[in-house]
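Just below is one structure, and these are the notes that go with it.
There are 2 protein chains.
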Amino acid sequence: MTERSVAQNAELALLLEVSSTPKPGNVDREREYDDLRFEHFMAGAVGARPGLERAAVGDAVGSAFEHAVEGMAGQSAGNTQFGALLVLTPLVAAAGDGDLTRGGVDSVVRGTTVADAASFYRAFEHVDVAVDDPPDDLESLDVRRGSDAIPELESRELTLFDVMESSADVDGVAAEWASEFDRVFSAGERLLDDSGPVADRASRAFFELLAAEPDTFVVTRQDRATAEEVQRRARAVLDGDEDATAFAEELVDRDVNPGTTADLVAGTLFVALERGLVV
Amino acid sequence: MTERSVAQNAELALLLEVSSTPKPGNVDREREYDDLRFEHFMAGAVGARPGLERAAVGDAVGSAFEHAVEGMAGQSAGNTQFGALLVLTPLVAAAGDGDLTRGGVDSVVRGTTVADAASFYRAFEHVDVAVDDPPDDLESLDVRRGSDAIPELESRELTLFDVMESSADVDGVAAEWASEFDRVFSAGERLLDDSGPVADRASRAFFELLAAEPDTFVVTRQDRATAEEVQRRARAVLDGDEDATAFAEELVDRDVNPGTTADLVAGTLFVALERGLVV
Numbered sequence: 001m002t003e004r005s006v007a008q009n010a011e012l013a014l015l016l017e018v019s020s021t022p023k024p025g026n027v028d029r030e031r032e033y034d035d036l037r038f039e040h041f042m043a044g045a046v047g048a049r050p051g052l053e054r055a056a057v058g059d060a061v062g063s064a065f066e067h068a069v070e071g072m073a074g075q076s077a078g079n080t081q082f083g084a085l086l087v088l089t090p091l092v093a094a095a096g097d098g099d100l101t102r103g104g105v106d107s108v109v110r111g112t113t114v115a116d117a118a119s120f121y122r123a124f125e126h127v128d129v130a131v132d133d134p135p136d137d138l139e140s141l142d143v144r145r146g147s148d149a150i151p152e153l154e155s156r157e158l159t160l161f162d163v164m165e166s167s168a169d170v171d172g173v174a175a176e177w178a179s180e181f182d183r184v185f186s187a188g189e190r191l192l193d194d195s196g197p198v199a200d201r202a203s204r205a206f207f208e209l210l211a212a213e214p215d216t217f218v219v220t221r222q223d224r225a226t227a228e229e230v231q232r233r234a235r236a237v238l239d240g241d242e243d244a245t246a247f248a249e250e251l252v253d254r255d256v257n258p259g260t261t262a263d264l265v266a267g268t269l270f271v272a273l274e275r276g277l278v279v
Numbered sequence: 001m002t003e004r005s006v007a008q009n010a011e012l013a014l015l016l017e018v019s020s021t022p023k024p025g026n027v028d029r030e031r032e033y034d035d036l037r038f039e040h041f042m043a044g045a046v047g048a049r050p051g052l053e054r055a056a057v058g059d060a061v062g063s064a065f066e067h068a069v070e071g072m073a074g075q076s077a078g079n080t081q082f083g084a085l086l087v088l089t090p091l092v093a094a095a096g097d098g099d100l101t102r103g104g105v106d107s108v109v110r111g112t113t114v115a116d117a118a119s120f121y122r123a124f125e126h127v128d129v130a131v132d133d134p135p136d137d138l139e140s141l142d143v144r145r146g147s148d149a150i151p152e153l154e155s156r157e158l159t160l161f162d163v164m165e166s167s168a169d170v171d172g173v174a175a176e177w178a179s180e181f182d183r184v185f186s187a188g189e190r191l192l193d194d195s196g197p198v199a200d201r202a203s204r205a206f207f208e209l210l211a212a213e214p215d216t217f218v219v220t221r222q223d224r225a226t227a228e229e230v231q232r233r234a235r236a237v238l239d240g241d242e243d244a245t246a247f248a249e250e251l252v253d254r255d256v257n258p259g260t261t262a263d264l265v266a267g268t269l270f271v272a273l274e275r276g277l278v279v
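Residue numbers (our numbering), protein chains in the order written: chain A, 1 to 279; chain B, 1 to 279.
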């Protein structure tokens, strides 16, 4: 066997994330949407790899992320893995630097610059991403403005870490950036200690993360009540009180997609792969 | 959208091949074996990419193939895509050279050397591949001898094309090498003209190839009668006289795996992607 590189493990994490099943409401091997199919996630992962390679060799996190998103968007379904790449890019940078730890990735994200923030905003020009309206005082920093927001970033001297920290309370990926990726590392360690096929372990990791906190993507696209219902029912699946497959079918039918939790699973798989998870 | 590179399309072809379903007897999104799972094919495709990149930039076909196989073998299930890589490598070399045509790939394979043949034999040392016993007069060239067979290759001045041509009547991949990859190009053109999700098109391509000729991997692992039965029943599925899913379940239960046909589908998908198939 040859060793996979850091970027290969990151790409594989994206592929294993979408391959694991069931993951209620998300595209997986057994469930897809007419306009967002399993094949789009395969192409998204393949396309993202060159950007992930840049992060692994120490390119700026923002520019590596933007490049990964641009490559990911090279398929016809639009946004497949924007959030997952936002989780993975700093983890890949830390791993490339030989320090894939909570402290290592915290140094990476706290070391981001205003230029990284500008790249992050430019990344929104490659693909439509569902986001909430910003508060009134932050309208000029609405990510949907793309590069038009860059002068404002520069005048306020906001780094990418600052931008993420400011939305940590409404976005589960930003919350990881602001808290040493603690949920991702904890879930990665549990996944490594788990047993059985990787696809099953990743599905369990998904349920555990979903049961622990409301999914912020569901809050954005539906509302907090729905996110809390999903959280409660994920808990019921783990407790054996609800059927995982029926729950998965229902969420797809209702177009309720706990995508932030899936993004965290991609990071979880990457941590586990880098720490020796055998596939 | 950014364009995928030749090597990215080859990797994506491997991923889309295993993602398409149903593909009776083969691992696909909905069926797997306990010791050969969907996740192993994801890791195999990711691992193969550096070797495919070498083929795309004009490295020797044999050494690029050996490198791809070595990377593919970097997962715990052994052989996932040896045959598919033997189809893809010369196609990737032709595409990298800007001439992905029957004539272009024929030039590539006829241009192989004794050194390419030696690399091909070395590739068998990275992974166990199910092959038939060779005829008595070719025992010294049994691929399972790996690099021990190289002096014999050299003394007979056999190129990789010679080696493949000599097994064209018993191996469906070798038959492509000896006939300008005609079945792959024809299937690729049909897949491009087809409509609907790529996963469905690839499944139809699989059934059409399977119905047209006995799968040589089934001949090797079972016998010719089984291969002919599988061919006949693939025809029945296409004619609407047999249920595809039930047939797929039955072949998995019987451990009958038309793997050569799956290898050709990987090539088919690559040709279609290079010619503009939208994913």
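For every residue, glycine included, the Cβ atom is placed at its ideal position computed from N, Cα and C. For clarity, every value in this text was computed on a predicted model and none was experimentally measured.
- Against MET42/B, the close residues of chain A are LEU12, LEU15, LEU16 and SER19, in the order they occur along the chain (beta-carbon pairs closer than 7 Å).
- Contacts with chain A at 8 Å (Cβ-Cβ) include ALA199/B.
- When Cβ pairs closer than 8 Å are counted between the two stretches, the region 30-41 of chain A is seen not to touch the region 261-270 of chain A, the count staying below three.
- Inter-residue distance for GLN8/B and ASP239/A is about 42 Å (C-alpha atoms, whole angstroms).
- In the DSSP assignment, GLY172/B falls within the unbroken alpha helix (DSSP H) covering 172-177.
- A contact between stretches requires three or more CB pairs, one per stretch, nearer than 8 Å, and the region 143-151 of chain A fails this requirement with the region 93-108 of chain A.
- None of the residues of the region 80-94 of chain A has a beta carbon lying less than 8 Å from any beta carbon of chain B.
- Excluding sequence positions up to five before and after VAL198/B, its CB lies within less than 6 Å of the CB of LEU16 and VAL279, all in the same chain and listed in chain order.
- Burial of GLY62/B is indicated by the presence of at least 16 other C-beta atoms within 10 angstroms of its C-beta.
- As far as DSSP is concerned, ARG204/B takes part in no beta bridge.
- Cβ-Cβ distances below 7 Å link PRO50/A to HIS67 and GLY71 in the same chain, with the five nearest sequence neighbours on each side left out; the list follows chain order.
- Residues of chain B with a Cβ closer than 8 Å to the Cβ of PHE38/A are, in chain order, SER19, ARG29 and ALA199.
- Per DSSP, the unbroken alpha helix (DSSP H) holding GLU249/A starts and ends at 244-253.
- One finds VAL279 in chain A with Cβ atoms closer than 7 Å to the Cβ of GLN75/B, taken in chain order.
- Residues of chain A whose Cβ lies closer than 8 Å to the Cβ of VAL46/B are, in chain order, ARG4, GLN8, GLU11, LEU12 and LEU15.
- For GLU139/B and GLU11/B, the gap between their C-alpha atoms comes out near 34 Å.
- In this structure, ALA187/B sits away from THR89/B, with a CB-CB distance that is not shorter than 8 Å.
- Check the Cα spacing between THR216/A and each of GLU189/A, GLY172/A and ALA205/A: the tightest is with GLY172/A.
- Rounded to the nearest angstrom, the gap between the Cα atoms of PHE207/B and SER19/B is 15 Å.
- Comparing C-alpha distances from ALA225/B to each of GLU125/B, PRO214/B and ALA234/B shows the shortest one belongs to PRO214/B.
- Secondary structure note for SER19/B: its alpha helix (DSSP H) is the uninterrupted segment 6-19.
- For LEU191/A, the uninterrupted alpha helix (DSSP H) run begins and ends at 182-193, by DSSP.
- Collapsing the DSSP output to three states places ASP34/B in coil.
- Non-local C-beta neighbours of ALA175/B in its own chain, meaning closer than 7 Å and more than five positions away in sequence, comprise ALA168, ordered along the chain.
- If you ignore the 5 residues before and after VAL87/A, its C-beta comes within less than 7 Å of the C-beta of VAL173, GLU176, VAL184, ASP263, LEU264, ALA266 and GLY267, all in its own chain and listed in chain order.
- In the structure shown, ASP106/A falls within a helical segment according to DSSP collapsed to helix, strand and coil.
- Distance from the Cα of THR80/B is smallest, within the candidate group GLY104/B, GLU32/B and ALA55/B, for GLU32/B.
- In this chain, GLY111/A is not harboured by any alpha helix (DSSP H), its DSSP state being neither H nor E.
- When the alpha-carbon of LEU91/A is set against those of ALA205/A, ARG54/A and LEU191/A, the nearest one is in ARG54/A.
- Non-local beta-carbon contacts of PHE82/A in its own chain, meaning distances under 8 Å to residues more than five positions away in sequence, involve VAL69, MET72, ALA123, VAL127 and VAL129 in chain order.
- Approximately 5 Å separates the beta-carbon atoms of LEU192/A and ALA272/A; this is inside 8 Å, confirming the contact.
- In the DSSP annotation of this structure, the continuous segment of the alpha helix (DSSP H) that includes ASP162/B starts and ends at 160-166.
- DSSP lists no bridge partner for ASP59/A.
- Distance between ALA236/A and ASP255/A, taken at the CA atoms: about 20 Å.
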